[in-house]
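In case it helps, the UniProt record's numbering puts the first sequence at residues 1 to 840.
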Amino acid sequence: MYAVPALAYTNSTISHSDQLKEGNFDVNSLELNEVGVLRVLTTMRDDPYLALSFLKRIEGNGASLPSVSAYAAVIRIVCSWSLDEKLSHLFVGIIRKGDEGRGFSVVDLLNAVGEAEEDEKLSFLLRSRVSSALVKAYAEVEMFDEAIDLFWGIEQLRWDADVGTYVVVVQALYRKGDSEGVEKFLGNLLSSETRKHCGFYMDFVEGLCVNEMSLVGYILLRPLRDANMLVDESGLATAYRKVVKGLCNEMKLEEAESALHDMEECGIDPDVSVYSAVIEGHRKNMSFSKALRFVNDKVAQQRKGIESPVILSSILQCWCQMGKFSEALDQVIAFRNLNITLDRFCYNVAFDALIKLGRVDEAIELFREMTCEGIDPDVVNYTTLIGGCCQQGRCELAIDLIMEMESKGKPPDIVVYNVLAGGLARNAENAYGILKLMEDRGVKPTSVTHSMVIQGLIVAGKIEEAEALNQSLEEHKPGGHEAGIIKGYCEAGRLDEAFERFIRLDFPLPKNVYFTLFTSLCAAKDIDKAQKLVERMWELGVEPVKSMYGKLIGAWCRVSDVRKAIRFLKVLKGREIVPDLFTYTIMIKTCCRLNKLKQADALFRDMKKRGIRPDVVTYTVLAKNNPEEIYTDMKEYGVKPDVFYYTTVINTYYRLNNEKRAHAAIQEMTRGGIVPDVATYTALINSYYRLNNGKKAYDLFREMKRRRICPDVVTYTVLLDHDPKLDMKREMRDLGIKRDVHYYTVLIHHKCKTGEVEEAERIFQEMKESGVEPDGVSYRAIIAGCLRNGYVRDAKRLYQEMREKGIEPPQTEASKNVVLHTKSNTETRVSRTKIQEALY
DNA sequence: CTAGGGTTAG
Numbered sequence: 001m002y003a004v005p006a007l008a009y010t011n012s013t014i015s016h017s018d019q020l021k022e023g024n025f026d027v028n029s030l031e032l033n034e035v036g037v038l039r040v041l042t043t044m045r046d047d048p049y050l051a052l053s054f055l056k057r058i059e060g061n062g063a064s065l066p067s068v069s070a071y072a073a074v075i076r077i078v079c080s081w082s083l084d085e086k087l088s089h090l091f092v093g094i095i096r097k098g099d100e101g102r103g104f105s106v107v108d109l110l111n112a113v114g115e116a117e118e119d120e121k122l123s124f125l126l127r128s129r130v131s132s133a134l135v136k137a138y139a140e141v142e143m144f145d146e147a148i149d150l151f152w153g154i155e156q157l158r159w160d161a162d163v164g165t166y167v168v169v170v171q172a173l174y175r176k177g178d179s180e181g182v183e184k185f186l187g188n189l190l191s192s193e194t195r196k197h198c199g200f201y202m203d204f205v206e207g208l209c210v211n212e213m214s215l216v217g218y219i220l221l222r223p224l225r226d227a228n229m230l231v232d233e234s235g236l237a238t239a240y241r242k243v244v245k246g247l248c249n250e251m252k253l254e255e256a257e258s259a260l261h262d263m264e265e266c267g268i269d270p271d272v273s274v275y276s277a278v279i280e281g282h283r284k285n286m287s288f289s290k291a292l293r294f295v296n297d298k299v300a301q302q303r304k305g306i307e308s309p310v311i312l313s314s315i316l317q318c319w320c321q322m323g324k325f326s327e328a329l330d331q332v333i334a335f336r337n338l339n340i341t342l343d344r345f346c347y348n349v350a351f352d353a354l355i356k357l358g359r360v361d362e363a364i365e366l367f368r369e370m371t372c373e374g375i376d377p378d379v380v381n382y383t384t385l386i387g388g389c390c391q392q393g394r395c396e397l398a399i400d401l402i403m404e405m406e407s408k409g410k411p412p413d414i415v416v417y418n419v420l421a422g423g424l425a426r427n428a429e430n431a432y433g434i435l436k437l438m439e440d441r442g443v444k445p446t447s448v449t450h451s452m453v454i455q456g457l458i459v460a461g462k463i464e465e466a467e468a469l470n471q472s473l474e475e476h477k478p479g480g481h482e483a484g485i486i487k488g489y490c491e492a493g494r495l496d497e498a499f500e501r502f503i504r505l506d507f508p509l510p511k512n513v514y515f516t517l518f519t520s521l522c523a524a525k526d527i528d529k530a531q532k533l534v535e536r537m538w539e540l541g542v543e544p545v546k547s548m549y550g551k552l553i554g555a556w557c558r559v560s561d562v563r564k565a566i567r568f569l570k571v572l573k574g575r576e577i578v579p580d581l582f583t584y585t586i587m588i589k590t591c592c593r594l595n596k597l598k599q600a601d602a603l604f605r606d607m608k609k610r611g612i613r614p615d616v617v618t619y620t621v622l623a624k625n626n627p628e629e630i631y632t633d634m635k636e637y638g639v640k641p642d643v644f645y646y647t648t649v650i651n652t653y654y655r656l657n658n659e660k661r662a663h664a665a666i667q668e669m670t671r672g673g674i675v676p677d678v679a680t681y682t683a684l685i686n687s688y689y690r691l692n693n694g695k696k697a698y699d700l701f702r703e704m705k706r707r708r709i710c711p712d713v714v715t716y717t718v719l720l721d722h723d724p725k726l727d728m729k730r731e732m733r734d735l736g737i738k739r740d741v742h743y744y745t746v747l748i749h750h751k752c753k754t755g756e757v758e759e760a761e762r763i764f765q766e767m768k769e770s771g772v773e774p775d776g777v778s779y780r781a782i783i784a785g786c787l788r789n790g791y792v793r794d795a796k797r798l799y800q801e802m803r804e805k806g807i808e809p810p811q812t813e814a815s816k817n818v819v820l821h822t823k824s825n826t827e828t829r830v831s832r833t834k835i836q837e838a839l840y
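Okay, here's the thing in structure tokens:
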């Protein structure tokens, strides 16, 4: 280590640079005055990185801070190398120091940079570039006002900033929530004075989309288009595609569809990727029907590209996620009949659907057909099928498939082996053979493999074997397989054992284990335990998934235990956890259902107070009680009513015998361009029947069919209830509408009323045979019918049967029905006590 | 990690 006077360097540029790179250049021991520093920096003109690190060393020195000229010199060097990012980064550091920390202001620095350049033109360019970087730096440290001010200031100098700076400034305005500022900014940008080039706008729109401001991009598109600023036709198309896809990414699906609509109107064809983005957006939002409706609309418009395999697999996935596997398969068959090409992704969804329906052989058959069509199956296809075979207990097929993979030179990966090993175990087959096979093939079983096997053994009821395996692995990873054990118990439906196992653990498990157990407990209505689970997670310092709170409250609500729901809400409040919109809505709904209107109102006010904005759903729930009061509130919150809302309101007014208001609601709905659907028509039909206007009711039924709105079970139930003479059996069969409990109950009820008890009993039987489970209401209907007509023995038998199944006739709910129900059905109403009186 | 809304039976 040696110190050399600064002046000495002027002669030996290379040597000192090299020393610095080597790291043996010690700034601390240098007596560098300002002139010296500047001299050194001049020699570093061709090495910006060296200049930066030199500056850093002086900064770190502490004794003498770099002067404004030193910074200016480095900035000029970095700038001349177009290292914009480095420049911004440098500025971030400078800004963070503050005026005090560095001893000069940012304006001083800007001036110093500019003044050093004598050529006016170059100086101007330099200032532009440097200011640009500074704007970005301000934005990065979230000093939005400074960024914006600087931008406006320099904008006035007709300064030429790069696209990135423009994007950053919009972002600053956007993040401040300054929509006026954004508007002004865009207005300015579009004004003739600052007219930019087409390429600039293209990059700008893209920048907006990438930075989650696609909405701004969308707003900008129309004026750009109208002013013909994206001269190129393909330029406009590209910009539109970016905006639509960006909006989808940001889950702004309505806006995305609207942008898509605009582009189609301009005669631009969106490509497959744009359609796909919209569909996948809906699917990710769980709005499956919206996704499917979108596809149907596009097909109806005969849009090209909509039959691409990418989109087809999205469609199929939608059906499957809705649990409608047969529909998914119908779709596949339709595609194949139309000679539309499917890819292995589509086929994979089809395999999955067939397996879920228990049609393993057909899945394999389809797999063969796929191969014949020249599509080479990949490892995912095999995994789906192998897992599916095991799921349906067809292990021999699974093993055949894995052998096939080997013989075709597609070596199975760890995932396939894991799936197979777990699958064999859960079918009480020998899974150890697979572990051995894996070793032979050089694929080492992991703890995932073992967990899956252990889980499988538990599912198969081989508890001891599972424990033994767990023990043998315990030494390597204590407690490593508790997750598998608990999940196994859950899957086997042995929730008590799963819970026992879970509650005595004093270390945390992966979150999905908690989630599985939690969901199972809620489904089994063991809500106390589900709540204990959440509390235990807190104790172990594991943050429950947000949705668990709402699910738990939903579970309490489903069993009508508002008290416990409220108590848990208080626990949440104590932990400063704010319930979300879903949670509040379900609570409010339950309170309304149980006629605790004051409670409902309190919750509604509480949610608003805590900054949660009610949406249409919330207002729909409230509208069931009194559509009047909430109306203005809804408007104030800017919530737009939809079909669901109007259907409720219309129905409620009819129930309250307020025809005038009901009509007003219908008119308003029509004016708002909201089209009535099955439910709306059904509600209207029901209302007219209740007003003893059967003719009008039936006219409405015909009208809905004319308007291609397909009636459903509920519609036919209403028709049957009020007009039992109508024979709709065939029509229903033709439409493929299956009868449900409600429908059967009405039928039974009607037969009982006309004294045809034996027929009623036959129908009751038929219902059970067709796989429709009778519920409390249907039991009560048939039992009451038997009793009233003297079939006491049958009544007793059915009552017994009901109790054995643990079915309770629903308890008559408080006032709302009593107050609102105008239909006279007292003669058919037999209370539970009366049934019991008769039976014992 | 499908947590919430409308139409029907009593």
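Where a beta carbon is used, it is the ideal one built from N, C-alpha and C, also for glycine.
Rounded C-alpha distance that separates residue i from residue j
{"i": "T519", "j": "I588", "result": "22 Å"}
{"i": "L397", "j": "K356", "result": "16 Å"}
{"i": "M704", "j": "Y688", "result": "14 Å"}
{"i": "N61", "j": "L552", "result": "59 Å"}
{"i": "D615", "j": "K546", "result": "20 Å"}
{"i": "T717", "j": "P676", "result": "19 Å"}
{"i": "V757", "j": "T745", "result": "13 Å"}
{"i": "T603", "j": "R661", "result": "In the sequence as displayed, the identity of residue 603 is Leu instead of Thr. So the alpha carbons of these two residues sit roughly 27 Å apart."}
{"i": "K298", "j": "L260", "result": "11 Å"}
{"i": "L134", "j": "V639", "result": "41 Å"}
{"i": "D226", "j": "V415", "result": "54 Å"}
{"i": "E362", "j": "E491", "result": "26 Å"}
{"i": "N249", "j": "Q667", "result": "37 Å"}
{"i": "H89", "j": "E212", "result": "22 Å"}
{"i": "K284", "j": "L230", "result": "32 Å"}
{"i": "T384", "j": "C320", "result": "14 Å"}
{"i": "Y619", "j": "Y653", "result": "15 Å"}
{"i": "F25", "j": "I95", "result": "The predicted model places F25 with a pLDDT of 46, which falls under 50 and marks its position as unreliable; any figure quoted below should be read in that light. Going from the Cα of F25 to the Cα of I95 covers about 28 Å."}
Reduced DSSP category for residue i - H, G, I as helix; E, B as strand; rest coil
{"i": "D361", "result": "helix"}
{"i": "F288", "result": "helix"}
{"i": "N188", "result": "helix"}
{"i": "G493", "result": "coil"}
{"i": "D561", "result": "coil"}
{"i": "M728", "result": "coil"}
{"i": "H16", "result": "Bear in mind that a pLDDT of 45 at H16, under 50, signals an unreliable position, so the model cannot answer this."}
{"i": "R342", "result": "In the sequence as displayed, the identity of residue 342 is Leu instead of Arg. Coil, per DSSP."}
{"i": "F502", "result": "helix"}
{"i": "A460", "result": "coil"}
{"i": "S105", "result": "coil"}
{"i": "T583", "result": "helix"}
{"i": "D615", "result": "coil"}
{"i": "L230", "result": "coil"}
{"i": "residue 845", "result": "Outside the displayed span of the chain (1 to 840) sits residue 845, for which this structure offers no information."}
Residue range of the unbroken alpha helix (DSSP H) whose run includes residue i
{"i": "K660", "result": "E659 to R671"}
{"i": "F91", "result": "D84 to R102"}
{"i": "D794", "result": "V792 to E804"}
{"i": "R780", "result": "G776 to R788"}
{"i": "I674", "result": "From DSSP, I674 is part of no alpha helix (DSSP H); its letter is neither H nor E."}
{"i": "K655", "result": "Here residue 655 is Arg; the residue named in the question, Lys, does not match the sequence. Element bounds for R655: V643 to R655."}
{"i": "V216", "result": "S214 to D226"}
{"i": "P309", "result": "P309 to Q321"}
{"i": "P627", "result": "P627 to E636"}
{"i": "T745", "result": "V741 to K753"}
- Which parts of the UniProt repeat "PPR" (510-544) are runs of the alpha helix (DSSP H), unbroken and 4 residues or longer, counting only runs that do not cross its ends? 511-523 and 527-539
- Message: So within the segment 237-271, which uninterrupted alpha helix (DSSP H) runs reach at least 4 residues, ignoring any that extend past its ends?
- Response: 253-265
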